[in-house]
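Read through the structure below, which is laid out as structure tokens, and then see the notes.
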Amino acid sequence: MIIKDSFLEEKYYDVIIVGAGPAGITLANKLEEKKFNVALIEAGSEDFSADSQEYYIGENVGEFPQETDVSRLRMFGGTTGHWGGSSRPLDAYDFNNWPIKKKNLDPYVEEASKIIEVKNEFREVPFPNSKNLKIIEFQVSRVRFGEKYFNDMKNSKYIDLFLNTNLLEINGENGKFNKANCLMNGKKINISAKLLVIATGGIENSRILLLNERKEQKLFATKMPIGEYWYEHPFSELGKAIINEKIINSYLRTDLNHFVNMYHTGDASVTYSIAPTENFIKDNQILNSCIWLVLHKRTNKGWKNLLKDLFCIAPELSNNMLKLIDRKVSCGATLYSSWEQEGQKNNKIVLSDKIIDKNGYPGPKIIYKKSNLVKRTAKVCVEEIGKYLIDYNIGRIRANSFLFDDEESFISGAGWHHMGGTIMGDNPKNAVVDKNLKLFGSKNIYVAGSSVFPSGGHANPTITIIQLSLRLAEHLSKII
Ligand SMILES: Cc1cc2nc3c(=O)[nH]c(=O)nc-3n(C[C@H](O)[C@H](O)[C@H](O)COP(=O)(O)OP(=O)(O)OC[C@H]3O[C@@H](n4cnc5c(N)ncnc54)[C@H](O)[C@@H]3O)c2cc1C
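Taking the numbering used here, the leading residue of the sequence shown gets 1172, the next gets one more, and so forth.
Here it is, written out as structure tokens:
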């Protein structure tokens, strides 16, 4: 049910979950199934509001391309209020530096797929005659967690939903949390429980712990790398291509789910999702990656399209001619990529000394820079696809110059995927939570969401976040 202002502070919950995005809602629903009493604390309301969103303002230092109040949503349902829904679990080799492995999350993929209402089909097939490349499958979810679950929460017997309730401080002693100090519609309240789970998203999880680390209560281990090893998925157009569509379709068209109109190009473009194989990644010492080869459907035919393709791969040479014929050139194919960025200690979230939120607490400051390995990964993968197209005479790529020119700045977007900051590991020297997502040094505080990923491959993170929440629910059910 929804808790209004008449909340009785004497109520003692089994679990407090802070944050009603996919991480928090999934966990709350699973604990409800086991009849545990849950307080789900959500800073925003049922709908978007600019007033709530303002609390998300932060500071960026370095290369991070997105504003912190745009790349997430502070409302019930969390950031899925405007997510894209692309989904694919991580590859087995993405878990190399995790304390758990893919096999520990696989048991939850079927249920996670049901939650986001997609087929549990994330297949891959090798490129014909290639050991280095494969075609992979994504599914696209249309679920918005806010819309899907609001009525369930309203009618729930076991979940008390606190809207417009901002977690301010965590209280307790000797490693044991006992009370969450919150501001509910401007009024201070304390909510008590046996366990606390922080599920406030990939920036806020770090910020909340950093704010509470400053207090003297010793609720968790000191000197952990809170906020550190924060990373994203760089996203960039990598080039244009001339492609013999008929041949490439005969090579690459499979019964896998291929994106259509992925980049809202206004055409019915078919997209092949191409990834390097594990051996190729190892041999070339690169990161994981996905390259989308978008074949645009075009209206005009024949020589005009051929000419457009030529212009696309030789734009400077053909600039003047282009003006004579058609100002708008749509090339036959574009290569985009979203790929892995490794977690690095110096890429981190710290507390800002410039941005103070409306409750008087420092906002987040993101310090972020991409390594040479990130750029080399994109280059090596594009070159490999280029070689394949030449070998089979299917097409030619004009890769973007930043990949080859060390002097040219490498400005990329980001996937809207905030990962790291409270990473999972075996030891508080280089991690923040253990393999059960419990904060090191704490008896009863847990963290859920992509902030716990020690590495994030190339795949969109939300299905993995949900798998982790399902696993956490199972773990908590045994210890409450
Ligand atoms: C434009 C865009 C497109 C995306 N597309 C995809 C995609 O295609 N595929 C994919 O997998 N992922 C995508 N994502 C990422 C996806 O939305 C996130 O991975 C996912 O929402 C994270 O879930 P979460 O529950 O950890 O955090 P969130 O969804 O961010 O939820 C956190 C919740 O915590 C609440 N909260 C924050 N602070 C407090 C506080 N102090 N007290 C109480 N509550 C608090 C917030 O209001 C929010 O409801 C996209 C994101 C964006 C922005």
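Glycine is no exception: its CB is placed at the ideal position from the N, C-alpha and C atoms.
Small disclaimer: the values here were computed from a predicted structure and weren't measured.
DSSP three-state assignment for residue i, whether helix, strand or coil
i	result
W1474	helix
T1425	coil
E1281	helix
Y1329	coil
T1239	coil
N1335	coil
A1446	strand
E1487	helix
A1392	coil
Neighbourhood of residue i by C-beta distance below 6 Å, restricted to the same chain and skipping five residues each side
i	result
K1519	G1398, E1399, W1401, I1538
T1633	P1193
Y1183	S1363
C1483	K1411, C1502
D1185	F1207, N1208, K1365, I1651
L1276	Q1638
Delimiting residues of the beta strand (DSSP E) encompassing residue i
i	result
G1557	Looking at the DSSP string, G1557 is not in any beta strand (DSSP E); the run it does join, the alpha helix (DSSP H), is 1543-1562.
R1569	1566-1570
K1126	In this structure the chain extends from 1172 to 1651, so residue 1126 is not present and cannot be described.
N1135	Nothing can be reported for residue 1135: it is not among the residues displayed for the chain, which extend from 1172 to 1651.
N1231	1230-1233
L1466	1460-1466
T1250	Neither: T1250 is in no beta strand (DSSP E) and is coded neither H nor E.
Rounded separation between residue i and residue j - CA only
i	j	result
I1616	L1367	5 Å
N1291	G1531	45 Å
S1572	K1359	55 Å
A1619	E1578	40 Å
A1199	L1608	16 Å
N1231	I1526	11 Å
T1251	F1316	6 Å
I1413	K1475	13 Å
H1629	D1176	43 Å
R1569	A1485	8 Å
D1597	P1270	7 Å
F1309	L1641	21 Å
V1296	I1452	17 Å
S1648	P1299	47 Å
Host alpha helix (DSSP H) of residue i (start-end)
i	result
G1373	Counting along the chain, G1373 falls outside any alpha helix (DSSP H), and DSSP gives it neither H nor E.
F1321	1316-1326
F1611	That residue, F1611, is in no alpha helix (DSSP H); it is neither H nor E in DSSP.
A1199	1193-1204
L1643	1633-1650
D1454	1449-1455
A1364	Segment 1358-1369 is the beta strand (DSSP E) holding A1364; no alpha helix (DSSP H) there.
A1221	1221-1224
L1276	1273-1276
* Asked: Three or more beta-carbon pairs under 8 Å between the stretch 1594-1614 and the stretch 1408-1427, yes or no?
  -> Under the 8 Å Cβ criterion, the stretch 1594-1614 does not count as touching the stretch 1408-1427, having fewer than three qualifying pairs.
* To do: Examine the Cβ distances between the stretch 1281-1290 and the stretch 1630-1649 and report whether three or more of them are shorter than 8 Å.
  => With a cut-off of 8 Å, the stretch 1630-1649 and the stretch 1281-1290 count as touching, because enough Cβ pairs lie within range.
* Are three or more beta carbon pairs between the stretch 1553-1561 and the stretch 1365-1381 nearer than 8 Å? -> No: the two stretches stay apart, fewer than three of their Cβ pairs being nearer than 8 Å.
* Asked: Is the stretch 1262-1282 touching the stretch 1317-1334, taking contact as three or more C-beta pairs under 8 Å?
  -> As far as the Cβ criterion goes, the stretch 1262-1282 does not touch the stretch 1317-1334, which means the pair count is below three.
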